[in-house]
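Residue numbers (the UniProt record's numbering): 1 to 113.
Written as structure tokens, this is what we have:
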């Protein structure tokens, strides 16, 4: 877990032209795949994804609610998406990232200002 977590930290702090939603999704999935904490890895993963979205100017005021989108899509879809990512295949990663982007979009729709 140590080297993979170090690579993740590097991803988070490195300048990149990659879309923020992609980076946030990878951060979320990696933390849930690694499960670095005895308790709360999911909570930390969701918070870290929100921090990436804020830091990379997608949601600087933290108004969107990605968790709402995750809830709307349902737990079975959440688990299936994470299993697909953890498979390590391109198709699995793509399926997970589509799920994550959809959850974020649904979370943005849920906002009332």
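Glycine included, each C-beta is placed from N, C-alpha and C at the ideal position.
Just so we're clear, the structure is a prediction, and the values are computed from it rather than from any experiment.
Would you say residue i and residue j are within 8 Å of each other, going by their C-beta atoms?
| i | j | result |
| --- | --- | --- |
| residue 31 | residue 41 | yes |
| residue 43 | residue 5 | no |
| residue 96 | residue 108 | no |
| residue 69 | residue 106 | yes |
| residue 57 | residue 24 | no |
| residue 103 | residue 62 | no |
| residue 119 | residue 29 | Residue 119 is absent from the model: the chain starts at 1 and stops at 113. |
| residue 67 | residue 83 | no |
Going straight from the alpha carbon of residue i to that of residue j, what length do you get?
| i | j | result |
| --- | --- | --- |
| residue 98 | residue 11 | 20 Å |
| residue 15 | residue 59 | 18 Å |
| residue 91 | residue 36 | 25 Å |
| residue 77 | residue 7 | 27 Å |
| residue 2 | residue 51 | 22 Å |
| residue 19 | residue 55 | 12 Å |
| residue 71 | residue 79 | 12 Å |
| residue 101 | residue 26 | 11 Å |
| residue 94 | residue 75 | 19 Å |
| residue 13 | residue 112 | 31 Å |
Does any heavy atom of the ligand SAH sit closer than 7 Å to the C-beta of residue i?
| i | result |
| --- | --- |
| residue 53 | In the structure shown, the ligand SAH is absent, as is every other ligand, since no ligand is present at all. |
### Query
Where are the alpha helix (DSSP H) runs, 4 residues long or more, that stay fully inside the UniProt domain "Fido" (1-102), in chain order?
Within the UniProt domain "Fido" (1-102), the runs of alpha helix (DSSP H) at least 4 residues long that lie entirely inside it are, in chain order, 2-13, 20-34, 41-55, 66-73, 75-86.
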